[in-house]
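Here is the structure we will look at, set down as structure tokens.
Numbering (our numbering), first residue to last: 90 to 223.
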């Protein structure tokens with residue numbers, strides 16, 4: 090059961106991570122294609138960046154589904170191996186990636202203000218705003 094659960098979470102996390110990264114790359118490419126004839130030095134930060142939409146951003150209502158997927162992935166790896174080293178790696182992944190996700194979430198809010206989805210959390214889906222404050 091532990092091996093099956095570990096493999097399931099590892100593959101689920103990998104899928105979330107890859108799909109979220111692909112979504113961000115696709116959004117960025119489409120946006121940059123629109124701006125190809127514009128002098129980028131004249132653009133504001135708000136004009137250079139987009140609010141990520143679609144895929145896991147909306148399904149899970151989080152700012153950083155790629156980070157969430159990576160942590161699910163490493164948790165699955167720990168479950169699969171049962172190794173203390175894998176547990177430590179999963180723990181520190183949550184600590185460092187979670188912190189980075191919170192910084193990114195705050196950046197989105199400060200950059201886009203009220204136009205950024207207010208119910209989105211930084212990193213963990215459906216977490217009360219108290220733990221994902223801006």
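Beta carbons: idealized from backbone N, C-alpha and C, even for Gly.
The Cβ atoms of residue 102 and residue 162 sit closer than 8 Å to each other. Counting every other CB atom within 10 Å of its CB across the protein chains shown gives residue 194 a total of 16 or more, marking it as buried. Closest in C-alpha terms to residue 182, from the list 118, 204 and 212, comes 212.
In this structure, residue 199 keeps its C-beta atom at 8 Å or more from the C-beta atom of residue 140. When the beta-carbon positions are compared, residue 169 and residue 179 stay at least 8 Å from each other. Residue 118 and residue 143 have their alpha carbons spaced roughly 15 Å apart. Nearest C-alpha to residue 215 among 147, 107 and 90: 147.
Of the candidates 122, 137 and 159, the residue whose Cα lies closest to the Cα of residue 104 is 159.
Looking at the DSSP output, residue 186 sits in no beta bridge, so it has no partner there.
Around the beta carbon of residue 129, fewer than 16 other beta carbons sit within 10 angstroms, so the residue counts as exposed. Residue 138: not part of any alpha helix (DSSP H); DSSP gives it neither H nor E.
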